[in-house]
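Asks:
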Amino acid sequence: MEKLLEDFISFVQNENFNLYLKITVIIFLALHFSIVIWIARDASNRSRNLLFQIFFVFLGMLIPLFGLIFYLLLRPGKLIFEKVLDGFENFAQRNCCFFCGEVIREDFKFCPHCSEELYQKCEKCNKNFSKSFPLCPYCGEKINLEKLKKQVSEQKKETKKKKIAEKTIEKTSKK
Ligand SMILES: [Zn+2]
Ligand SMILES: [Zn+2]
Numbered sequence: 003m004e005k006l007l008e009d010f011i012s013f014v015q016n017e018n019f020n021l022y023l024k025i026t027v028i029i030f031l032a033l034h035f036s037i038v039i040w041i042a043r044d045a046s047n048r049s050r051n052l053l054f055q056i057f058f059v060f061l062g063m064l065i066p067l068f069g070l071i072f073y074l075l076l077r078p079g080k081l082i083f084e085k086v087l088d089g090f091e092n093f094a095q096r097n098c099c100f101f102c103g104e105v106i107r108e109d110f111k112f113c114p115h116c117s118e119e120l121y122q123k124c125e126k127c128n129k130n131f132s133k134s135f136p137l138c139p140y141c142g143e144k145i146n147l148e149k150l151k152k153q154v155s156e157q158k159k160e161t162k163k164k165k166i167a168e169k170t171i172e173k174t175s176k177k
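The numbering of the sequence shown is this note's numbering, which starts it at 3 and goes up by one.
#1: Using 8 Å as the cut-off, classify the Cβ of G103 as near or not near the heavy atoms of ligand 2, replying yes or no.
#2: Report the three-state DSSP secondary structure of Y140 (helix, strand or coil).
#3: For D109, which of F100, F19 and S132 has the nearest alpha-carbon?
#4: With the cut-off set at 9 Å, would you say E125 and H115 are in Cβ contact?
#5: What is the residue span of the alpha helix (DSSP H) that F58 lies within?
#6: Could you tell me whether any Cβ in chain C is nearer than 9 Å to the Cβ of A42?
#7: Heavy atom of ligand 4 less than 8 Å from the Cβ of Y140, yes or no?
#8: Are at least three pairs of beta-carbons, each pair with one atom in the segment 15–22 and one in the segment 54–68, less than 8 Å apart?
#9: Tell me the DSSP secondary structure of S46 in three-state form.
#10: So does the segment 33–48 actually touch the segment 75–88, counting three or more Cβ pairs closer than 8 Å?
#11: Is N20 helix, strand or coil by DSSP?
#12: What is the DSSP secondary structure of S132, counted as helix, strand or coil?
#13: Given 8 Å as the limit, tell me if K129 has its C-beta closer than that to any heavy atom belonging to ligand 2.
#14: Would you mind working out which of C127, L150, I37 and F10 sits nearest P66, comparing C-alpha positions?
#15: Using a Cβ-based criterion (distance less than 8 Å to any ligand heavy atom), does K133 qualify as near ligand 2?
#16: Please indicate yes or no: does the CB of K126 lie closer than 8 Å to some heavy atom of ligand 2?
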């Protein structure tokens with residue numbers, strides 16, 4: 003037993019052991035600080051809240067590994083730029099022409115790209131609203147989709163006729 007203890011003490015006092023210990027500590031510290039830096043960068047990509055960022059960086063520094071696990075469990079699911087992209091997509095969908103899909107302003111009555119009328123009149127309350135809505139936003143009256151489709155196709159035919167008529171007028175006036 004004494005021999006074993008002596009062996010152990012001589013091993014600990016050995017220069018090689020000190021070197022291994024130093025290398026292990028350096029590797030651990032490097033790993034630890036790269037995890038903390040990663041948390042700081044990821045947190046700033048996921049939240050603009052400075053308190054949130056500082057809290058998790060400190061947690062990561064104070065409790066190795068568990069700080070990282072807590073952060074991964076509690077961090078926001080989406081990156082800031084993903085949220086911005088989602089918002090932009092929603093914005094674009096809300097402000098697209100019902101007929102040609104081009105981006106338009108919400109208060110436009112006619113599409114400047116395809117010249118279609120964008121508003122419909124509610125049969126119940128007589129208020130105007132976008133043709134892209136499935137029901138009247140003022141009284142809740144559901145829109146008869148079949149009727150709307152017919153109206154739309156008739157409207158398209160009429161605008162086509164108008165365009166053809168305009169062209170023929172242009173042609174005849176040029177002659
Ligand atoms: Zn259009
Ligand atoms: Zn209505």
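Every residue, glycine too, gets a C-beta built ideally from N, C-alpha and C. These numbers were taken from a predicted model, which means no experiment stands behind them.
Replies: Let me lay it out:
#1: In the sequence shown, residue 103 corresponds to position 101, counting from 1. Outside the cutoff, so no.
#2: Your numbering for residue 140 matches position 138 in the sequence shown. Judged by DSSP in its simplified three-state form, Y140 adopts coil rather than helix or strand.
#3: Numbered from its first residue, the sequence shown carries residue 109 at position 107. For the options F100, F19 and S132, the alpha carbon positioned closest to that of D109 is the one of S132.
#4: Here the question's residue 125 lines up with position 123 in the sequence shown. Here the question's residue 115 lines up with position 113 in the sequence shown. H115 is positioned such that its CB atom lies no closer than 9 Å to that of E125.
#5: For the purposes of this step, residue 58 is identified with residue 56 of the sequence shown, where counting begins at 1. Its alpha helix (DSSP H) spans residues L52 to L64.
#6: No chain C is part of this structure, which consists of one protein chain only.
#7: For ligand 4, the structure offers nothing, since it holds only ligand 1 and ligand 2.
#8: The segment 15–22 is not in contact with the segment 54–68.
#9: Stepping through the sequence shown from its first residue, residue 46 is reached at position 44. The answer is helix: DSSP assigns S46 an H, G or I state.
#10: Segments in contact, yes.
#11: Counted from its first residue, the sequence shown places residue 20 at position 18. Helix.
#12: On the sequence shown, residue 132 is found 130 positions in, with the first residue counted as 1. Strand.
#13: Residue mapping note: residue 129 aligns to position 127 of the sequence shown, counting from 1. Of the heavy atoms belonging to ligand 2, at least one sits nearer than 8 Å to the Cβ of K129.
#14: By one-based count along the sequence shown, residue 66 stands at place 64. Looking at the Cα atoms, I37 is the closest of the given residues.
#15: By one-based count along the sequence shown, residue 133 stands at place 131. The answer is no for K133.
#16: One-based indexing of the sequence shown puts residue 126 at position 124. For ligand 2, at least one heavy atom lies less than 8 Å from the Cβ of K126.
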